[in-house]
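The structure under discussion appears below in the form of structure tokens.
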Amino acid sequence: MTMDFHGYPFELTPLSEDDGGGWLIVFPDFPGAVMSDGETPEEALANGRKALDSVISVYTEDGRTLPTPFSGGGVSGKFNLRAPKRLHAMLNKAAKQEGVSMNTLAIALLAEGLGRREAR
């Protein structure tokens, strides 16, 4: 499900039992900065709105320019990635230790890295 708060689109997706169950909400315009979850879609939405409001407040207080809301631009949200076997093994091990899927961990790591890059 994709909708928006304050004009910023978000993605609301169910988490698998392997990922702890519940629902995940992510605001892609703020890589690594705005995501939350909840046991129900309603709880995830409420938590996501609070998280987005907090980040917008911080941006405003710091005098930072808010990102322009993304319109979708023809991307599907899916891509394939080839990784060296060693990196694949490291990701697999870390995901098992965190109790999440490799996909969930990879998304979190990519978002965190992109967020750091944008902060520079």
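Under our numbering, the letters of the sequence shown match residues 881 to 1000, in that order.
Virtual Cβ for every residue (Gly too), placed ideally from N, Cα, C.
Query, Result
"Let me make sure I understand the geometry here. Which of F890, G900, F885 and L892 has the alpha-carbon closest to that of A975?", "G900"
"Grouping DSSP H, G and I as helix and E and B as strand, with all else coil, what is L895?", "coil"
"Leaving aside the five residues before and after L895 along the sequence, list all residues of the same chain whose C-beta is less than 6 Å from its C-beta, in chain order.", "G901, G902 and L904"
"Short of 6 Å in beta carbon distance, which residues of its chain neighbour R997, apart from the five on each side in sequence? Order them along the chain.", "none"
"For the region 949-965 and the region 914-930, state whether three or more C-beta atom pairs, one from each stretch, are separated by less than 8 Å.", "no"
"Between which two residues does the beta strand (DSSP E) carrying G918 extend?", "M915 to G918"
"List the DSSP bridge partners of I905.", "L892 and S916"
"State yes or no: is the C-beta of E992 within less than 8 Å of the C-beta of G912?", "yes"
"In terms of alpha-carbon separation, which member of V955, V914 and K958 lies closest to S937?", "V914"
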